[in-house]
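Working notes for the structure below.
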Amino acid sequence: LAIAVTSANPEYVYVLAANSTDSGFLGLLRSTNSASSFSTRMSSTATNNILGWDNGTDAGGQGWYDLALAASPTNAEEIVTGGVNQWKSINGGTSFSLMSHWYGGYSMPYVHADVHDIVYSPTSGTTFFSANDGGLFKTINNGVSWTDISSNLAIAQQYRFSLSTTSATMILAGHQDNGTNRTINGTSWSEVTGGDGMDCLIDRTNNNLQISSIYYGDYYRTTSGSSSFSNIADP
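Here this note's numbering = 1-based position in the sequence shown + 5.
In structure tokens, the structure reads:
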């Protein structure tokens, strides 16, 4: 469950629930009497699964891991949800529209996947922040566009990394929820594969041969040292 209140109406309490079966959307409830009673504003039978990975037409989600809810401090009928993506309602939760997408799909602005918290600026209904696995994103126009305000922080959680035996500045590293990234000069980094970057390898005798991996045991490879990695298929 995620809970949100709003200074626009102190008696309003919103609750966002994920289901225990596939961690997708279960329901959006609201109280208008300081939590003495609740009514369902949108149920799991709704058209959009607002906790899914796509545009609401897919099933499932990650409610066990990322679940966020915020209510505008200036408009009690406006709420924002976070899961893999972010959705917004302007009618108290009876319907939602996709506000951002984890890779910028469906002509939506990009905000990194796995939203853990959404916080409005206390006196603004148009400025709020999204804390997610990619850092901290900010909008000043009610979600129309976003800025990654943590982009200049040189931080990441590395699962594994591999060093070249012939170049002291070449490193390949798998980052939690931020892909597999590589530096050739020891200063600047580029992402070679996405998702959760995990174990990786630079061949001991040939820097052009490199391997990356993601969750569920999928592996990718380049044999030319380029940033274009292709899937290594099972035999």
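Glycine included, each C-beta is placed from N, C-alpha and C at the ideal position.
Query - I8 classed as buried or exposed, judged by whether at least 16 other C-beta atoms fall within 10 angstroms - result: Working through the sequence shown from its first residue, we reach residue 8 at position 3. An exposed status is given to I8, since fewer than 16 other beta-carbon atoms sit within 10 Å of its beta-carbon.
Query raised in the report: On the three-pair Cβ rule with 8 Å, is the segment 103-116 touching the segment 177-187?
Result: The segment 103-116 vs the segment 177-187: no contact.
Report task. Thinking L74 and T86 are a contact (beta carbons under 8 Å), I'd like their distance in whole angstroms, please. Result -> Within the sequence shown, residue 74 is the residue found at index 69, counting from 1. Within the sequence shown, residue 86 is the residue found at index 81, counting from 1. Their Cβ separation, rounded to whole angstroms, is 6 Å, which keeps L74 and T86 in contact under 8 Å.
Query raised in the report: Helix or strand or just coil, what does DSSP make of G222?
Result: On the sequence shown, residue 222 is found 217 positions in, with the first residue counted as 1. If DSSP states are grouped into helix, strand and coil, G222 belongs with the helices.
**Report entry** Pair within 8 Å by beta-carbon distance, D223 and D201
**Finding:** Walking along the sequence shown from the start, residue 223 turns up at place 218. Walking along the sequence shown from the start, residue 201 turns up at place 196. No, these two residues do not count as a Cβ contact at 8 Å.
Requested in this report: Compute the Euclidean distance between the alpha carbons of V20 and L33, then round it to the nearest angstrom.
Outcome: As a working mapping, residue 20 is identified with position 15 in the sequence shown. As a working mapping, residue 33 is identified with position 28 in the sequence shown. Spanning the alpha carbons of V20 and L33 requires a straight line of approximately 6 Å.
**Report entry** Whether G88 touches I123 by CB criterion (8 Å)
**Finding:** Locating residue 88 in the sequence shown gives position 83, where the first residue counts as 1. Locating residue 123 in the sequence shown gives position 118, where the first residue counts as 1. Contact annotation: G88 and I123 have beta-carbon atoms that are not nearer than 8 Å.
**Report entry** For S195 and N241, believed in contact at Cβ under 8 Å, the rounded distance
**Finding:** This structure cannot settle anything about residue 241, because the visible part of the chain is limited to 6 through 240.
Query raised in the report: What residues match up with N186 in a beta bridge as DSSP calls it?
Result: Along the sequence shown, read from residue 1 onward, the residue named residue 186 stands at position 181. Looking at the DSSP assignment, N186 forms a beta bridge with A178, E196.
**Report entry** Minimum length 3: unbroken beta strand (DSSP E) runs contained in the segment 24-99
**Finding:** Within the segment 24-99, the runs of beta strand (DSSP E) at least 3 residues long that lie entirely inside it are, in chain order, 30-36, 44-48, 73-76, 84-87, 91-94.
Report task. Could you check if S28 is buried or exposed, using at least 16 other CB atoms within 10 Å of its CB as the buried criterion? Result -> One-based indexing of the sequence shown puts residue 28 at position 23. S28 counts as buried, since at least 16 other C-beta atoms from the protein chains shown sit within 10 angstroms of its C-beta.
Query raised in the report: Among residues of its own chain, excluding the 5 on either side of K143, which ones have a beta-carbon nearer than 6 Å to its beta-carbon?
Result: What you label residue 143 is simply residue 138 of the sequence shown in a count that begins at 1. Only F134, T152, I154 meet the Cβ criterion.
Requested in this report: Rounded to whole angstroms, what's the CA-CA distance from T79 to G97? Just pull it up for me.
Outcome: Here residue 79 refers to the residue found at position 74 of the sequence shown. Here residue 97 refers to the residue found at position 92 of the sequence shown. Distance from the CA atom of T79 to the CA atom of G97, rounded to whole angstroms, is 13 Å.
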